[in-house]
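Engineer: Structure provided below as structure tokens; questions to follow.
There are 2 protein chains.
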Amino acid sequence: MLVTMTTAPLRKDAARNWHRIVEVGRRFVDEGTPIQLNDVARAASVGVATVYRHFPTPEALVETVAIPGFEALLGQAERALAGDDPYAGLRDFLYASVDALLADASLSPVFAAPVNVLPHTAELKRRLADLSGRILDRARAAGAVDPGVTQDHVVPLMCGVVYAASVHPAACAEDRAAAGRRFLTVMLEGLRVRAS
Amino acid sequence: MLVTMTTAPLRKDAARNWHRIVEVGRRFVDEGTPIQLNDVARAASVGVATVYRHFPTPEALVETVAIPGFEALLGQAERALAGDDPYAGLRDFLYASVDALLADASLSPVFAAPVNVLPHTAELKRRLADLSGRILDRARAAGAVDPGVTQDHVVPLMCGVVYAASVHPAACAEDRAAAGRRFLTVMLEGLRVRAS
DNA sequence: GGTGAAACGGATATGTCATCCGCTTCTTCG
DNA sequence: CGAAGAAGCGGATGACATATCCGTTTCACC
Chain A
1 MLVTMTTAPL
11 RKDAARNWHR
21 IVEVGRRFVD
31 EGTPIQLNDV
41 ARAASVGVAT
51 VYRHFPTPEA
61 LVETVAIPGF
71 EALLGQAERA
81 LAGDDPYAGL
91 RDFLYASVDA
101 LLADASLSPV
111 FAAPVNVLPH
121 TAELKRRLAD
131 LSGRILDRAR
141 AAGAVDPGVT
151 QDHVVPLMCG
161 VVYAASVHPA
171 ACAEDRAAAG
181 RRFLTVMLEG
191 LRVRAS
Chain B
1 MLVTMTTAPL
11 RKDAARNWHR
21 IVEVGRRFVD
31 EGTPIQLNDV
41 ARAASVGVAT
51 VYRHFPTPEA
61 LVETVAIPGF
71 EALLGQAERA
81 LAGDDPYAGL
91 RDFLYASVDA
101 LLADASLSPV
111 FAAPVNVLPH
121 TAELKRRLAD
131 LSGRILDRAR
141 AAGAVDPGVT
151 QDHVVPLMCG
161 VVYAASVHPA
171 ACAEDRAAAG
181 RRFLTVMLEG
191 LRVRAS
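Shown next as structure tokens:
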């Protein structure tokens, strides 16, 4: 048995259609159009079965659409970890994450989903959890963060901040981003180590 | 349950069916069963049309199911406002709210929904927003809360805390409640007035 | 350019949602 | 009391969304 099937080589037409579909998925996500695979097929000028073959569920498509944003976030995390100031690294990473989650609607569902339902991004999520945990640990070791907060809390807290921003009745996307940053500020203050 | 009737009183059989339906709705919410009005009808031994007549959408049923929990929360808010310590009032009210939102799954969707899509609880939401605003104002006036935080932020922040707890991978409901309280603690610390 | 495998597409089966309308039950009033 | 009609009932059924199947086409390789 072959060791790895991670990269099955796609046929030329399959690759073309895959791209078309992901492109349409990206557009739908950006426009807020609900991802219905039939509609995606029509918009991509592709048969329904082709869409279902590549992406069995809407979630699978959103997951694929989310990958570039996800990788950008990983880059941010690595940069935060490479910097000199532990607390600034944590802070900047969290601000960047909240901005990204609010700017790209495909990220939140992937973040919030349990790992097993979205196997494709599982590895990315694992790496991001690992990196954000190390960012937090470093800030805690530097005495900048309350010891009671652990790495398991970072992703949920971020999701909570983003959700709070989306609940907040705001006219435009800019207002939502502003609300998100404000809520994150509150949370960051809450994470600070207590003087008392 | 006490529900103010703005329109004519229901006929006897209609009232009986209404009760059956709401009861089933409550059970479905507690069990996490998705609210599909056809299923509700079958479980309540009632025709489909009867369900649709009383509750045009699943949200409308959830809304009605949420009312008792909502009123309990209003009671908490009034108690918090009647107490002596402004900050303790805010803190206790928020803890009670988060506990309630995590214990009763019907509350979150009603909280998060824009007002106009759920007209029935609009008045309750208005009253709760008013009370929580006054609780916050009192705490701020006492110098216990950062002046940058306004009453518009309270409900979104609470929703965010609850959402964070539900994202947090937790085995049982107790763990989720514990996570919610921890997240609320972080948030409360973030709300405290800054030393700088 | 011939061959087998992979991929395609859309007709259609399956499942869900919500309405319509003939029938039943309740209330009112003579 | 009992007739009349208003209010409510139920489930068959049409409208709509989702997902699969299979005959046809395209591609990669020889």
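Line order of the protein sequences matches chains A and B.
If you read the first sequence in UniProt numbering, its first letter stands for residue 1, the second for the next number, and so on.
If you read the second sequence in UniProt numbering, its first letter stands for residue 1, the second for the next number, and so on.
For glycine and all other residues, C-beta sits at the position ideal for the given N, C-alpha and C.
How many whole angstroms separate the CB atoms of residue 66/A and residue 121/A, which I take to be in contact at a CB cut-off of 8 Å?
Structural biologist: Rounded, the Cβ-Cβ distance is 7 Å, consistent with contact.
Engineer: How big is the Cα-Cα spacing for residue 20/B and residue 44/B?
Structural biologist: Their Cα atoms are separated by approximately 6 Å.
Engineer: Can you give me, in chain order, the residues of the segment 148-163 of chain B that have a beta carbon less than 9 Å from any beta carbon in chain A?
Structural biologist: So the close ones are 148, 149, 152, 153, 155, 156, 157, 158, 159, 160, 161, 162 and 163.
Engineer: Is the distance from the Cβ of residue 62/A to the Cβ of residue 25/A below 8 Å?
Structural biologist: In this structure, residue 25/A lies closer than 8 Å to residue 62/A by Cβ.
Engineer: Say whether chain B places a C-beta atom closer than 8 Å to the C-beta of residue 168/A.
Structural biologist: Yes - at least one Cβ of chain B is within 8 Å of the one on residue 168/A.
Engineer: DSSP three-state label for residue 194/B, please.
Structural biologist: Residue 194/B: coil per DSSP, three-state reduction.
Engineer: Leaving out five residues before and five after residue 59/A in sequence, what residues of the same chain have Cβ atoms less than 8 Å from its Cβ?
Structural biologist: Counting only Cβ-Cβ distances below 8 Å, and skipping sequence neighbours, we find 109, 113, 117 and 118.
Engineer: Who are the neighbours of residue 70/A on chain B, taking C-beta pairs under 7 Å?
Structural biologist: Correct list: empty, because the minimum Cβ distance to chain B is about 16 Å.
Engineer: Taking 7 Å as the limit between beta carbons, can you name the residues of its chain near residue 69/A, skipping five residues before and five after?
Structural biologist: Closer than 7 Å at Cβ, skipping near neighbours: 100, 104, 106 and 107.
Engineer: What distance in whole Å lies between the Cβ atoms of residue 14/A and residue 87/A, which are believed to be in contact at a cut-off of 8 Å?
Structural biologist: Not quite, the Cβ-Cβ distance comes to about 48 Å (not below 8 Å), so this is no contact.
Engineer: Residue 46/A by DSSP, collapsed to three states: which one?
Structural biologist: In this structure, residue 46/A counts as coil in the three-state DSSP scheme.
Engineer: Since residue 145/B sits in a beta bridge, which residues does DSSP pair it with?
Structural biologist: Note: residue 145/B sits in a beta bridge opposite 192/B.
Engineer: Applying a beta-carbon distance threshold of less than 9 Å, which residues of chain B neighbour residue 191/A?
Structural biologist: Under the 9 Å cutoff, chain B gives 186, 189 and 190.
Engineer: Going by DSSP, what residue range makes up the alpha helix (DSSP H) through residue 19/B?
Structural biologist: Looking at the DSSP string, the run of the alpha helix (DSSP H) that includes residue 19/B is 12-31.
Engineer: If you run the structure through DSSP and keep just helix, strand and coil, what is residue 115/B?
Structural biologist: Three-state result, residue 115/B: helix.
Engineer: Give the residues of chain B in contact with residue 112/A, contact being defined as C-beta atoms less than 7 Å apart.
Structural biologist: The contacting residues are 167.
Engineer: Could you compute how far the alpha carbon of residue 159/A sits from the alpha carbon of residue 181/A?
Structural biologist: The alpha-carbon atoms of residue 159/A and residue 181/A are separated by roughly 13 Å.
Engineer: Using only the alpha-carbon positions, how far apart do residue 37/A and residue 133/B sit?
Structural biologist: C-alpha separation (whole angstroms): 44 Å.
Engineer: Using only alpha-carbon positions, find the residue among 83/B, 18/B and 92/B that is nearest to residue 56/B.
Structural biologist: Ranking 83/B, 18/B and 92/B by Cα distance to residue 56/B puts 18/B first.
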